[in-house]
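Quick notes on the structure that follows.
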Amino acid sequence: MDEPRLNIALIGNPNCGKTTLFNRLTGLRQKTSNLPGTTVDQKRGIWKTQQHTYYLNDLPGIYSLYTHSEEEIMVVESLLGIENFQKPDILIYVMDASNLRRNLLLFSQVSELGIPAIAVLTMNDTAKRRGLAIDMAKLEGELGIKTCNVNPKTGEGYSALELNITEASISQTFPFQNHIEARLVDFFNHKEIKGLAAETLLRYKRIETVVQTSTTKALGLAKNLTHKLDKIFTHKLWGFLAFAAIMLTIFQGVFTLADYPMTWIENGFAILAQTLKVAMPNVFLSHLLIDGILPGLAGVLVFIPQIAILFFFISILEDSGYMVRASFITDNLMRKLGLNGRSVIPLIGGFACAIPSILATRSIKNRHERIATMFVIPLMSCSARLPVYVLLVAIAVPTNSHWGPFGLQSVVMTSAYFLGIILAAIISKAMYWFRKKEIEGEFILEMPAFQMPRIENVLKTVWYKSASFVQTAGKIILFISIVLWFLSSYGPGDSIESAKRQVTLALSKTTNITQEEKTAEIAKATLEASYAGQMGKFIEPAIEPLGYDWKTGIALISSFVAREVFVGTMNTLFPNNSGKDIKGIRSKMQSMKNPKTGKPLYGAAYALSLIVFYAFALQCVSTLAVMRRETGGWKWPILQFTLFGTIAYIASFITFNLANLFL
Amino acid sequence: MIKFAENSKSIILNASELHIGQNARITRLNDSAITHKLFEMGCVPGTKISLEFKSPAGDPIALDIDGYILGLRLSEAEIIQVEPEIG
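Quick mapping for you: the protein sequence lines, in order, are chains Z and S.
Take 1 as the starting number for the first sequence in the working numbering and just add one per residue.
Take 1 as the starting number for the second sequence in the working numbering and just add one per residue.
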């Protein structure tokens, strides 16, 4: 294959079919990468035509070069060739034929940058349906560059495109004001640009002559399918029912579908660890690999099914055009909370897992609203909290007790979910008041026609989001997992060894004990004597007011890897015959008595207090890692961690004492 | 094509005051922080505009701007001054 010589960039308005064209031209020869230090994606691929091979860049869709959003500024920087960007050699200007006026505004700005270009018209079928007829020869004459029709979905017009690209030129007829580059530089340096509105209106005036010359308008067809669908999807009743059904499907999908591959990953790693344990010598490095690195890797990979499935659904919603409608019908409610219609899908995704949901907030353009959304997402009770709740609810509430027509267990469980939602509402509202003086968020959202989602686009998004998670947040998760493994497997001095010796000695006196029970007792002793065990004892005075003992402390610390680890740790600390079954741990825990008072050590007050703690506290290193990545620093994750932790502490304290008073 | 409603007899409304299905033409945009942004989205004087549908809460609303649908909050639509078409 010959080396590509020229850099071509695709530019155009959002929703003009640019990305579909990019995917079709480059096929699998493409790569999406994150621009260093930003959350902006850059898509680059190789386009092979009959004669030539080119580099093709897909720039994010923008409406105008005068912009303030991070993603859009990057487009301008790359067109100007500043900030480490290489100026493209050729531009392919993609325009929606059914909306020529607005699409030509950006063209009029870009045509003054002196980059050779060709123009491509998409959505010709839509234009025709609306009764628009475009005289291509006349349009080409007006634009002053090679222009052709292309249907990115069918590939129609590709041969003309391949031919035209070799004849890219700088328009001599279109530009009317040749100092846009200087004005853009001023604009980005926050200098006042005189007559910006007048400039834009003047451009539209020029555009109007182009449109008048090249297009004729006949009577279009009656309202199309999109219009009918919009009547349903934005209807007071049907709209919300459809929304609820779609959200339920997504939630259910992430919640249950992801369970299978997650189990495979966990089991696969368990088998691998078992095999290696047999094959490798009993030295520190083996333990590091088998008990530290492997579970850490599993801990990273285990998120991928959830990320992949959530983004599978989200990109279908995006690609089909429904996402914008969901934002449209929820904007009012979200705005009252200081958020945006765009916040609603990530927030609901938070009930499955905060990690992909935080990544999904990238579609929120306003930075304040995006940060507020990411900030409160971890308060949505995620799927990792469910097993913790199940165990604790079982301890707190007898199975057959009722509250009115409802089982009391499900009432408590539902309350745990609502606690998080209420706190999220309060915090996002508070954040809104804090930033009130700054820019008010805006809605201003194009609602593109509904279309069949293209599986190619969907799968590429899924792939990219998963890969990007592994590359970025994955490293931190792996690192912290290894640290936590070390803390729970090693102790100061020979504490672990002596603890093991004591247990073995004590057990040797009892006769009727199985090998399994013996292993369990040793595991318990090891954990208790480890650094994590020491830390549990160390933090005991701090968590005692909440009703927790040092064993709970160990479980709290170890569950930073993932909240459901709480159950596993409790299982280790309370060895029982029924494996990891929650009933086994529950009855074991419930049988424990406080030696001083003779009351149950782990009673209803204890369990309720812990439920509240888990509902609020940010007990998840992965979330912190992703927050750091997405906000570009530790400020927000640390603030989140401290604030939620403090609230969790106070709320649990109140819960424990109230429960002790009344129960 | 770009013309301003100078005919003093015509009624000028905010785009937020249109009723569903009502056709109008944009006459001018009031000054605000988002005026230029609205220009860029094609809301320029002379452009055909109609109210297509509203969200369940009545805010935001969806306007047809010369053939494409733009969702705007009421506070944003208020900036757009329109002259309803007669008949």
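The beta carbon of each residue, even a glycine, is placed where N, CA and C say it ideally should be.
Taking the straight line between their C-alpha atoms, what separation do you get for residue i and residue j?
i: G17(Z); j: A97(Z); result: 11 Å
i: S16(S); j: L28(Z); result: 46 Å
i: I12(S); j: R28(S); result: 10 Å
i: I293(Z); j: F269(Z); result: 11 Å
i: Y55(Z); j: V120(Z); result: 18 Å
i: T226(Z); j: A449(Z); result: 6 Å
i: I61(S); j: D89(Z); result: 42 Å
i: W550(Z); j: I543(Z); result: 8 Å
i: Q30(Z); j: A648(Z); result: 46 Å
i: P346(Z); j: Q109(Z); result: 35 Å
i: P45(S); j: R25(S); result: 7 Å
i: K43(Z); j: T20(Z); result: 12 Å
i: W485(Z); j: V561(Z); result: 10 Å
i: I207(Z); j: I134(Z); result: 14 Å
i: L80(Z); j: S32(S); result: 29 Å
i: L18(S); j: L459(Z); result: 42 Å
i: F284(Z); j: I290(Z); result: 10 Å
i: E76(S); j: I554(Z); result: 53 Å
i: P387(Z); j: N13(Z); result: 46 Å
i: L163(Z); j: E72(Z); result: 30 Å
i: A625(Z); j: T655(Z); result: 30 Å
i: E697(Z); j: T147(Z); result: Any question about residue 697(Z) goes unanswered here, given that chain Z covers just 1 to 663.
i: N282(Z); j: L276(Z); result: 11 Å
Pick out whichever of the options has its Cα sitting closest to the Cα of residue i.
i: T154(Z); options: L229(Z), L25(Z) and G536(Z); result: L25(Z)
i: I46(Z); options: G81(Z), K236(Z) and L10(Z); result: L10(Z)
i: I232(Z); options: I20(S), L51(S), N14(S) and P56(S); result: P56(S)
i: E500(Z); options: M431(Z), A523(Z) and N512(Z); result: Residue identity check: residue 500(Z) is Lys in the sequence provided, not Glu. Of the candidates M431(Z), A523(Z) and N512(Z), the one whose C-alpha sits nearest the C-alpha of K500(Z) is A523(Z).
i: A160(Z); options: L143(Z), E142(Z), H179(Z) and M136(Z); result: M136(Z)
i: F538(Z); options: A525(Z), E521(Z), I557(Z) and A520(Z); result: I557(Z)
i: N366(Z); options: V94(Z), I207(Z), G338(Z) and G81(Z); result: G338(Z)
i: W264(Z); options: Q252(Z), A298(Z) and G239(Z); result: A298(Z)
i: Y322(Z); options: N340(Z), G239(Z) and F22(Z); result: G239(Z)
i: V344(Z); options: S428(Z), V483(Z) and L639(Z); result: S428(Z)
i: Y606(Z); options: A394(Z), I304(Z) and T249(Z); result: A394(Z)
i: L201(Z); options: A182(Z), A424(Z) and L105(Z); result: L105(Z)
i: F644(Z); options: V376(Z), N340(Z), S587(Z) and L272(Z); result: V376(Z)
i: G474(Z); options: V621(Z), I426(Z), V412(Z) and A617(Z); result: V621(Z)
i: E83(Z); options: L91(Z), F188(Z), P116(Z) and N103(Z); result: F188(Z)
i: G685(Z); options: I246(Z), H52(Z) and I444(Z); result: A question about residue 685(Z) goes unanswered here, because the residues of chain Z that appear run from 1 up to 663.
i: H235(Z); options: D66(S), I79(S), D59(S) and L74(S); result: D59(S)
Buried or exposed for residue i, going by 16 or more other Cβ atoms inside 10 Å?
i: T623(Z); result: buried
i: L661(Z); result: exposed
i: R5(Z); result: exposed
i: S652(Z); result: buried
i: T646(Z); result: exposed
i: Y260(Z); result: exposed
i: P60(Z); result: buried
i: A218(Z); result: exposed
i: L392(Z); result: buried
i: P545(Z); result: exposed
i: N267(Z); result: exposed
Between which two residues does the alpha helix (DSSP H) containing residue i stretch?
i: I444(Z); result: Note, I444(Z): premise wrong, no alpha helix (DSSP H); not H, not E.
i: F665(Z); result: Absent from the model: residue 665(Z). The displayed extent of chain Z is 1 to 663, so no value can be given.
i: L556(Z); result: W550 to S558
Along the beta strand (DSSP E) that carries residue i, what are the first and last residues, could you check?
i: A133(Z); result: L132 to I134
i: M95(Z); result: I90 to D96
i: T27(S); result: N23 to L29
i: F107(Z); result: Element bounds for F107(Z): not the beta strand (DSSP E) but the alpha helix (DSSP H), L100 to V110.
i: G45(Z); result: D41 to K48
i: Y55(Z); result: T53 to D58
Does the beta carbon of residue i fall short of 7 Å from some heavy atom of the ligand SAM?
i: N15(Z); result: The ligand content of the structure shown is nil, which means the ligand SAM is not present either.
If you pair each beta-carbon of the region 627 to 639 of chain Z with each one of the region 399 to 408 of chain Z, do three or more pairs fall below 8 Å? Under the Cβ criterion (8 Å, minimum of three pairs), the region 627 to 639 of chain Z does not count as touching the region 399 to 408 of chain Z.
So, do the region 111 to 131 of chain Z and the region 194 to 206 of chain Z have three or more beta carbon pairs nearer to each other than 8 Å? No, the region 111 to 131 of chain Z is not in contact with the region 194 to 206 of chain Z.
The region 598 to 618 of chain Z touching the region 330 to 346 of chain Z, judged by at least three CB pairs closer than 8 Å: Short answer: they don't touch.
For the structure I just gave you, are there three or more beta carbon pairs, one from the region 488 to 497 of chain Z and one from the region 527 to 534 of chain Z, closer than 8 Å? Yes, since at least three Cβ pairs between the region 488 to 497 of chain Z and the region 527 to 534 of chain Z fall closer than 8 Å, the two stretches touch.
How do the region 52 to 66 of chain Z and the region 36 to 45 of chain S stand: do at least 3 beta-carbon pairs fall below 8 Å, yes or no? Three or more Cβ pairs closer than 8 Å define a contact, and the region 52 to 66 of chain Z meets that threshold against the region 36 to 45 of chain S.
So does the region 394 to 403 of chain Z actually touch the region 368 to 376 of chain Z, counting three or more Cβ pairs closer than 8 Å? As far as the Cβ criterion goes, the region 394 to 403 of chain Z does not touch the region 368 to 376 of chain Z, which means the pair count is below three.
Taking one C-beta from the region 376 to 384 of chain Z and one from the region 351 to 367 of chain Z each time, how about it: are there three or more such pairs within less than 8 Å? At 8 Å Cβ cutoff, the stretches touch.
If we count Cβ pairs, one from each stretch, closer than 8 Å, do we get three or more for the region 507 to 518 of chain Z versus the region 303 to 314 of chain Z? Contact between the region 507 to 518 of chain Z and the region 303 to 314 of chain Z is absent, with fewer than three C-beta pairs closer than 8 Å.
So, do the region 296 to 310 of chain Z and the region 448 to 467 of chain Z have three or more beta carbon pairs nearer to each other than 8 Å? With the rule of 3 Cβ pairs closer than 8 Å, the region 296 to 310 of chain Z counts as touching the region 448 to 467 of chain Z.
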